[in-house]
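These protein sequences, in sequence, are chains A and B. Per my numbering, residue 6 is the first one in the first sequence, and the count goes up by one each step. Per my numbering, residue 6 is the first one in the second sequence, and the count goes up by one each step. Note that CB positions come from ideal geometry on N, CA and C, so glycine has one too. Report on one structure; see the data block that follows.
2 protein chains.
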Amino acid sequence: MTPASRPATLQTIGEFGLIRELQKYCQTLHADVIQGIGDDAAILRTSNTQALIASTDLAIEGVHFDFAFESFKDVGHRIAVANISDIAAMGGTPKFLLVAMAVPPSYAVKDLRALYQGFKKPCQAHGISLVGGDTSASKAGLFLSLTILGEVPPKQVLTRQGAKVGDKVYVTGTLGDSKAGLQILQRQAKHKTPKAPQPYEMFLKKRHLRPTPRVAIGQHLASHHLAHSAIDVSDGLSGDIHHLCEASQVGVELWASHIPLSSQCQAYTASLRHNPIDFALAGGEDYELLFTIAPRHQSKVFDLSKSLRTQMTCIGEIKPKSHGLRLKLEGGTSRNMTRQSYDHFSVTGIQS
Amino acid sequence: MTPASRPATLQTIGEFGLIRELQKYCQTLHADVIQGIGDDAAILRTSNTQALIASTDLAIEGVHFDFAFESFKDVGHRIAVANISDIAAMGGTPKFLLVAMAVPPSYAVKDLRALYQGFKKPCQAHGISLVGGDTSASKAGLFLSLTILGEVPPKQVLTRQGAKVGDKVYVTGTLGDSKAGLQILQRQAKHKTPKAPQPYEMFLKKRHLRPTPRVAIGQHLASHHLAHSAIDVSDGLSGDIHHLCEASQVGVELWASHIPLSSQCQAYTASLRHNPIDFALAGGEDYELLFTIAPRHQSKVFDLSKSLRTQMTCIGEIKPKSHGLRLKLEGGTSRNMTRQSYDHFSVTGIQS
C-alpha cells in the first residue's frame, strides 16, 4: 500500500483527533444532556422524583472479547447491552453512557468508529445518550470501561434482596444460548475451514453477539410491584441464583426440567453429547432477567409475557435458607447446586 | 516462605473474595447512598435542584503510574484526586465514586487494600462515597477506570466555554511542581543509590504524589458567579489554556513572568539549567484551577485567596480569537504558545 492509502491509525490522528471522531457518536441534543462530551465532566439533568442508578463494567480484549471471531461493532454492541442490562435488572430506565477506553496506538480509526457504532445501536434503541469518557494508549490490547446511569422511582427499585420464602422463581427467554454461540464462534475461528454450518448455529451465534437487554420487562415488574427481587443472568444461572439467594438470605429449589432451553441450544448440545442444563447453569452473558414473585401474581406474569411477547418461565421456588440451593432433577432426585460462575482470578476459571 | 506465610493473592481469594475485601471501603451508610456496592447497580439519591455531573478517568500501569517509584496507596490517592478535580473545575460538589479495576491475578490482596486506602483518603476529605465498581483479571498490569458523580446547581456550573475578551486569567497555587516531582521520582528509581537529597525534593515529590483538588475554590467561583470559565490544569498550562480558548472561541495573552512557580520548582529547574516556565507550560497533573473573570471582580478573587489561604495569580488576559494564543516574555517580546500536552497516541508523545 502507498502511504496515502494506508488506513488511519490512532498514531496518525492523535488523541484529540480520536476524541473529535468519537464526539460524532455523542448526542448532545438529548433534552437531559445539558452538556455532553468536551468539558471536564458531562452535565446531566435528572428527575426530581427518581433515584439515580449507576453501574460500571469492564471489558478487556482477550478476557471478555476476542477479535478472532467478533468484529469491533459486535463487541461494542454486546458490551453496551451488558451495561444496559444492569439497569434493566433494577427496574430502571437507562439514560446516559460514559465510555473509558485504552487502545493500542496501532489500531485503525475505522475499527474504533465501528466499535462506537456498536455502542450506538442498543443506546439508540433505549434512548441512551453517550455523554463522555476518556481515552488513553494501551500496551496490551483494548480495554473498555463503560459506566451507565439510569433512573428509577426509589420505591419501585428491584434488587437482589427481596426474595421471600414461597416466591416463584421466573426467568425470561432461554438460557445457555450465549455460551453455545460463543463455543461455536471459538471453534470456527480455530478451524478456518468449517464443516457445513448446522441450521442452529446462526441463531446461537446471534444470541451471543446480539443479546437483548430486558429493559421493558424490568420496568414493568418494578412499576407494577410484581417482583420481590431480580437480577440479570450475566454469570450463568447457578452463579446468579447464588447472588440473589445470598442477598435475600434464602434458599431455593430449581427444577431442571423447567429451565427454558432453545431448540437450537438443545440441538447443539446433543451434537456434543452434552447436557444443555449445564450450559444454562454455567453459561454467562444471557442477559435474561431472573426474578421472584409472590405465587398470587403468577397470572399477571403470564399476561405480561403475552403482552411483551417474551417467554417467561417458572423454574423453581424460594425456600428457607436452611434448605440450601438445590436443583431437582428429572425423576425426583435433587442435588446441591454449586456455583459454576467464571472467576477471573481463579486458576481453573471456576469459582470455589 | 512456607505456603502459610505467603501473602494472599487474588488467585488465592478469588474474585468474590476480592469484592468482599473491597466492600469494606465502600460506605453504604451515607444518607444519599440508598444502596452501594453489591447489586447490579448502585442506587443514589440526587438533589431536586441540582444537575448531575459525571466524569470518567483512566489510569493504566506503565502509562499513568509506575510502582517503581510510587506505592499502591500513592496511586489510589493521586488517581482519585484527578477524578475529583474534574468536578472541582465545574464548580460542583463531588458525591459518588465508582471504581472499575482489572488486576493481574498474582497481585497481593494487601496491595489492593492499600490502593483503596489511597482512594479513601481524598474521598473522605470531600464527603465522597465509594459506591460500586467492577473487577476483572488483567494480563498486563493494573488498569483502573474511575467514574465520579457530583452535583451542581445548573445555573452556576462552570465550563470551559464562557471566557470573554477582556477577562483576566487566573490560576490557583503553583504550576510545574508535579512534573518536577515526577522527574525526581523517576530519576531516584533509576539510580538506586541517590545523591544526598536536595531540600526541595520532598516538597516536589509530595506535590506529584499528593495533589490537592480545588473543590472549595471551584464551588466558590461558581456559587458567587465570579468566574466566566474554568478548567483544571491536568494536561499542563499550555494544553489546558488551549482547551479553554478553543471552547470559548477566544485568544489569550499569558505573561511568562506572572506564572506562579514554587521556590522548590525554581531550585530544581535551576539545578538542571532548565526554564521552570517550560515545566509550568508542559507539566501535567498539577490539578490547579485555571479560570477567567471580569476585571471588576479582581478584588473579590483577592479576598477569596486570603479567606481560603490559597495563592491565586493573575497570569494574563483573554483576547479576541484573531490574537491567537501568545506568551509575553520578559523584555516585552512575545511568542506563539504551542500546545505541549502529552498525546497518548503520538510517537513523540507531544500533540501536534
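Spatially closest choice to residue i from the options, by CA coordinates
{"i": "LEU190 of chain A", "options": "A:LYS211, A:ASP172 and A:GLY181", "result": "A:LYS211"}
{"i": "SER339 of chain B", "options": "B:ALA261, B:PRO265, B:ILE320 and B:LEU313", "result": "B:ALA261"}
{"i": "PHE101 of chain B", "options": "B:LYS184, B:ILE39 and B:ILE320", "result": "B:ILE39"}
{"i": "GLN122 of chain A", "options": "A:LEU334, A:ILE264 and A:LYS78", "result": "A:LYS78"}
{"i": "GLN161 of chain B", "options": "B:LYS197, B:LEU103 and B:HIS230", "result": "B:HIS230"}
{"i": "VAL255 of chain A", "options": "A:HIS328, A:ARG219 and A:GLY288", "result": "A:HIS328"}
{"i": "ALA105 of chain B", "options": "B:GLU206, B:GLY155 and B:LEU23", "result": "B:LEU23"}
{"i": "SER302 of chain A", "options": "A:ALA285, A:ALA232 and A:GLU258", "result": "The question names Ser, but residue 302 of chain A is His in the sequence shown. HIS302 of chain A has its Cα closest to that of A:ALA232, out of A:ALA285, A:ALA232 and A:GLU258."}
{"i": "LEU332 of chain A", "options": "A:HIS247, A:LEU63 and A:SER267", "result": "A:HIS247"}
{"i": "PRO204 of chain A", "options": "A:LYS326, A:SER276 and A:LYS197", "result": "A:SER276"}
{"i": "VAL90 of chain B", "options": "B:THR318, B:ILE133, B:ASP237 and B:LEU163", "result": "The displayed chain sequence assigns Ser, not Val, to residue 90 of chain B. Of the listed residues, the one whose Cα sits closest to SER90 of chain B is B:ASP237."}
{"i": "THR61 of chain B", "options": "B:PRO109, B:SER76, B:CYS128 and B:ILE84", "result": "B:ILE84"}
{"i": "ALA272 of chain A", "options": "A:VAL86, A:CYS250, A:MET207 and A:LYS115", "result": "A:MET207"}
{"i": "GLY288 of chain B", "options": "B:ASP240, B:PRO12, B:VAL68 and B:PRO158", "result": "B:ASP240"}
{"i": "ALA227 of chain A", "options": "A:GLU20, A:ALA13 and A:THR164", "result": "A:THR164"}
{"i": "LYS173 of chain A", "options": "A:LEU295, A:GLU66, A:HIS82 and A:TYR112", "result": "A:LEU295"}
{"i": "LYS4 of chain A", "options": "A:PRO265, A:HIS196 and A:PHE124", "result": "Since the first and last residues shown for chain A are 6 and 357, residue 4 of chain A lies out of range."}
{"i": "SER267 of chain A", "options": "A:GLN316, A:VAL257 and A:LEU249", "result": "A:GLN316"}
{"i": "GLN129 of chain A", "options": "A:CYS319, A:LEU57, A:VAL86 and A:GLU20", "result": "A:VAL86"}
{"i": "GLU293 of chain B", "options": "B:THR318, B:LYS305 and B:CYS270", "result": "B:THR318"}
{"i": "LYS115 of chain A", "options": "A:GLY336, A:LEU27 and A:GLU335", "result": "A:LEU27"}
Residues that residue i contacts on chain B, provided the C-beta gap is smaller than 7 Å
{"i": "VAL114 of chain A", "result": "Per Cβ cutoff of 7 Å: no residues; VAL114 of chain A is ~10 Å from chain B at best."}
{"i": "PHE70 of chain A", "result": "Correct list: empty, because the minimum Cβ distance to chain B is about 12 Å."}
Where residue i meets chain B, residues with beta-carbon distance less than 9 Å
{"i": "ASP237 of chain A", "result": "ASP45"}
Residues that DSSP places opposite residue i in a beta bridge
{"i": "THR61 of chain B", "result": "B:THR152"}
{"i": "GLU66 of chain B", "result": "B:PHE70"}
{"i": "LYS173 of chain A", "result": "A:ILE298 and A:GLU322"}
{"i": "MET317 of chain A", "result": "A:THR177"}
{"i": "LYS78 of chain B", "result": "In DSSP, LYS78 of chain B forms no bridge with anything."}
{"i": "SER339 of chain A", "result": "A:LYS333"}
{"i": "ALA47 of chain B", "result": "A:ALA59"}
{"i": "GLN40 of chain B", "result": "B:ILE48"}
{"i": "THR54 of chain B", "result": "Bridge partners of THR54 of chain B: none, in fact."}
{"i": "GLN14 of chain A", "result": "The sequence shown places Thr at residue 14 of chain A, not Gln. THR14 of chain A is bridged to A:ALA113."}
Under 8 Å by beta carbon: chain B residues contacting residue i
{"i": "SER183 of chain A", "result": "Those do not exist, as SER183 of chain A stays about 17 Å from chain B at its closest Cβ, beyond 8 Å."}
Per-residue contacts from residue i into chain A (C-beta, under 8 Å)
{"i": "THR61 of chain B", "result": "LEU103, VAL104, ALA105, GLY137, GLY138, ASP139, SER150 and THR152"}
Residue i: contacting residues in chain A (beta-carbon distance under 7 Å)
{"i": "ILE65 of chain B", "result": "ALA107, SER141 and SER143"}
Min CB distance residue i to chain E below 8 Å
{"i": "ALA185 of chain B", "result": "Annotation note: the requested chain E is absent from the structure, which comprises protein chains A and B."}
Any non-hydrogen atom of the ligand SAH within 7 Å of residue i CB
{"i": "ILE264 of chain A", "result": "With respect to the ligand SAH, the structure shown offers nothing to examine, as it has no ligands at all."}
- Chain-ordered residues of the segment 144–174 of chain A with a beta carbon less than 8 Å from chain B: LYS144, ALA145, GLY146, PHE148, SER150, THR152, ILE153, LEU154, GLY155, VAL157, PRO159, VAL162, THR164, ARG165 and GLN166
- Please list the residues of the segment 120–143 of chain B that have a C-beta atom closer than 9 Å to any C-beta atom in chain A, keeping them in chain order. VAL136, GLY137, GLY138, ASP139, THR140, SER141, ALA142 and SER143
- Query: What residues in the segment 312–335 of chain B have a beta carbon less than 7 Å from any beta carbon of chain A?
  - Reply: none
- Task: Could you pull out every unbroken alpha helix (DSSP H) segment of at least 4 residues lying fully inside the segment 231–305 of chain A, listed in chain order?
- Result: 242–253, 268–276 and 281–287
- Proximal residues, the segment 83–107 of chain B versus chain A, C-beta separation under 9 Å: SER90, ASP91, ILE92, ALA93, ALA94, MET95, GLY97, PHE101, LEU103, VAL104, ALA105, MET106 and ALA107
- Length at least 4, wholly inside the segment 192–227 of chain B: the alpha helix (DSSP H) runs in chain order: 206–214
- Item | chain B contacts made by the segment 196–228 of chain A, where a contact means CB separation under 9 Å | none
- Query: Using Cβ-Cβ distances below 8 Å, what residues of the segment 39–58 of chain B are close to chain A?
  - Reply: Of all residues in the segment 39–58 of chain B, those with a C-beta nearer than 8 Å to a C-beta of chain A are ILE39, GLN40, GLY43, ASP44, ASP45, ALA46, ALA47, ILE48, LEU49, ARG50, THR51, ASN53, ALA56, LEU57 and ILE58, reading in chain order.
- Query: Considering only residues of the segment 84–163 of chain B, which uninterrupted alpha helix (DSSP H) runs meet the minimum length of 4 residues and lie entirely inside it, listed in chain order?
  - Reply: 114–130
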